[in-house]
Amino acid sequence: MTNFNNEKWHPETLGVRAGSEHTQFGENSEAIFLTSSFVFENAAQAAARFAGKEPGNIYSRFTNPTVTMFQNKLAALEGAEFCVATSSGMSAILACVMGICSSGDHIVASRSIFGTSVQLFSNILARWGLQVSFVSLTDPEAFKAASQKNTKIFFVETPSNPLTEVCDIAQLAEIAHLAGALLVVDNCFCTPALQKPLDFGADIIIHSATKYIDGQGRCLGGAVLGKKDVLEPVYGFLRTAGPTMSAFNAWVFLKGLETLHVRMEAHSRNTLVLATWLEQQAGVARVYYPGLASHPQYALAMQQQKSGGAIVSFDVKPRNGLTAQEAAWHLIDSTKMISITANLGDAKSTITHPATTTHSRVSAQARADAGIGDGLVRIAVGLEHIDDLKADLASLA
249 MTNFNNEKWH PETLGVRAGS EHTQFGENSE AIFLTSSFVF ENAAQAAARF
299 AGKEPGNIYS RFTNPTVTMF QNKLAALEGA EFCVATSSGM SAILACVMGI
349 CSSGDHIVAS RSIFGTSVQL FSNILARWGL QVSFVSLTDP EAFKAASQKN
399 TKIFFVETPS NPLTEVCDIA QLAEIAHLAG ALLVVDNCFC TPALQKPLDF
449 GADIIIHSAT KYIDGQGRCL GGAVLGKKDV LEPVYGFLRT AGPTMSAFNA
499 WVFLKGLETL HVRMEAHSRN TLVLATWLEQ QAGVARVYYP GLASHPQYAL
549 AMQQQKSGGA IVSFDVKPRN GLTAQEAAWH LIDSTKMISI TANLGDAKST
599 ITHPATTTHS RVSAQARADA GIGDGLVRIA VGLEHIDDLK ADLASLA
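So for the sequence shown, the numbering used here puts the first residue at 249; every next one is plus one.
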């Protein structure tokens, strides 16, 4: 058995080699352990494993060798001590909150987060006594002002979905710690290939492995990363409640992590070119991309991130008698190649209208507060040739 969690290696090498464990058969690619349970040598060993006195696999709801390899590889890339893999990105957020918070506790969250995350906090967890205050991602003082004695978590996405706003992770971590709270950063857009929030003082990282970690739109999965003692209750929630990553999906994500760095470089390169081109189009009112000098947090993004990432959003001008939403829909419907889907992180470029898809269940006022207008379009730029992507958006000229 081999576990290549060698911190002296470069991230690209860790993506290929870290976390790998091999059986007596000598396989080069990681094995998929498609089994619900594991057999013990005797009753004493079973008792020892259930009691936590002996390491080893018990039941695939909370211990599986393939899932463990994925957890170890992702932890090595993020520089994290511990990783809990889950069935989806949303279940990762749920497991994190349920593990750390109790009824009556308080969360300060950025209002610039994924629409379903808003629904989870506001409509579901609120029913169980969790209090949530939503504030501006780019205003650290707002987080400080919203903090209470019972605040347990600051929750942010940076860059945010869909406007790619960026927060100062180090400054927000300091404010959170002074308030006695943990800073939780959703690192889905950047992945550890472009940004490592723990290096800036964040306590916990959330991932939707469904996105760039997979990279080809195949499987659902999520992860929570941080220090082991902090995440023990999160693992305890997963063990009991069971929002578990399947062994097959973990194997797909292992393969995705091997190419993560080269893919994110290619995605980012394409996106910067497209974002620059979009700024020059007559049908575009404004472009949101942290890799552009015109972005309000450009300097901060370049300090925290290796590049601008693969998500670009822009406001379509209402013209030719069309409203902002009609103009945005017309653009989307005029594309022939780009996939019309709300998912992102795929090798295929995707396009969506956030106000009527990802954030459609958020109130109109909350969308307005978050800056999500009726003319906003989000593109997750894939790996197609940049000239073909421009041609597919030719109606913006």
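Built from N, CA and C at the ideal position, the CB exists for glycine as well.
Check: DSSP state of R626 mapped onto helix, strand, coil; Outcome: strand
Check: Cβ neighbours of S370 in the same chain (closer than 7 Å, five flanking residues each side left out); Outcome: V380
Check: Other residues of its chain near M249: CB distance less than 8 Å, five sequence neighbours each side excluded; Outcome: Residue confidence for M249 is low, a pLDDT of 43 falling below 50, so the modelled location carries little weight; the figure read from the coordinates is stated next. Only E269, H270, T271 meet the Cβ criterion.
Check: Buried/exposed call for S350, threshold 16 Cβ in 10 Å; Outcome: exposed
Check: Proximity below 9 Å, CB of A471 to CB of A266; Outcome: no
Check: Meets three-Cβ-pair contact criterion under 8 Å: the stretch 356-363 and the stretch 393-405; Outcome: yes
Check: A530 beta carbon less than 9 Å from that of L644; Outcome: yes
Check: Whole-angstrom distance between T571 and L502, CA atom to CA atom; Outcome: 45 Å
Check: Cβ shell of D434 (< 6 Å), same chain only, five flanking positions each side left out; Outcome: E405, I454
Check: Alpha helix (DSSP H) segment containing H578, residue limits; Outcome: 572-582
Check: Limits of the beta strand (DSSP E) - the one that I355 falls within; Outcome: 354-358
Check: C-beta atoms of H543 and G556 nearer than 9 Å; Outcome: yes
Check: Limits of the alpha helix (DSSP H) - the one that D477 falls within; Outcome: 476-489
Check: Proximity to A328 [Cα-Cα], best of G347, P445, L540, V532; Outcome: P445
Check: Assigned exposure category for N409 - 16 Cβ within 10 Å defines buried; Outcome: buried
Check: Contact check, Q552 vs I423, beta carbons under 9 Å; Outcome: no
Check: Pairwise C-alpha distance: R309 and V521; Outcome: 44 Å
Check: Residue from V287, V629, A299, A429 with nearest C-alpha to I355; Outcome: A429
Check: Backbone CA spacing between E278 and S384 [nearest angstrom]; Outcome: 43 Å
Check: N-terminal and C-terminal residue of the beta strand (DSSP E) that D434 is part of; Outcome: 430-434
Check: Under 9 Å between C-beta atoms of N273 and M493; Outcome: The question names Asn, but residue 273 is Phe in the sequence shown. No.
Check: CB of T598 within 9 Å of CB of I586, strictly; Outcome: yes
Check: Member of S365, P602, T519, R609 whose CA lies at the smallest distance from the CA of E632; Outcome: T519
Check: Through-space distance from D581 to Q396, alpha-carbon basis; Outcome: 46 Å
Check: K584 to L637 span [Cα, whole Å]; Outcome: 10 Å
Check: Rounded distance between the beta-carbons of V432 and Q545, thought under 8 Å; Outcome: 20 Å between Cβ atoms; not a contact.
Check: C-beta contact flag for I452 and G474 at 9 Å; Outcome: yes
Check: Candidates F496, Q613, A616, of which the one nearest S284 by Cα; Outcome: F496
Check: Complete alpha helix (DSSP H) runs within the stretch 522-606 (minimum length 4 residues, chain order); Outcome: 546-552, 572-582
Check: Beta-carbon separation (whole angstroms), G263 vs E513, contact threshold 8 Å; Outcome: With 8 Å as the limit, G263 and E513 do not qualify as a contact, their Cβ atoms being about 12 Å apart.
Check: For G470, the residue or residues it bridges with in DSSP; Outcome: T334, S456
Check: K503 - containing alpha helix (DSSP H), residue span; Outcome: 495-506
Check: D462 beta carbon less than 9 Å from that of F469; Outcome: As written in the sequence, residue 469 is Gly, which differs from the Phe given in the question. Yes; because the gap between Cβ atoms is below 9 Å, this pair is in contact.
Check: Buried or exposed (CB count within 10 angstroms, at least 16 for buried), G630; Outcome: buried
Check: Member of A547, A393, V500, K459 whose CA lies at the smallest distance from the CA of K596; Outcome: K459
Check: Q379: first and last residue of the uninterrupted beta strand (DSSP E) it sits in; Outcome: 379-383
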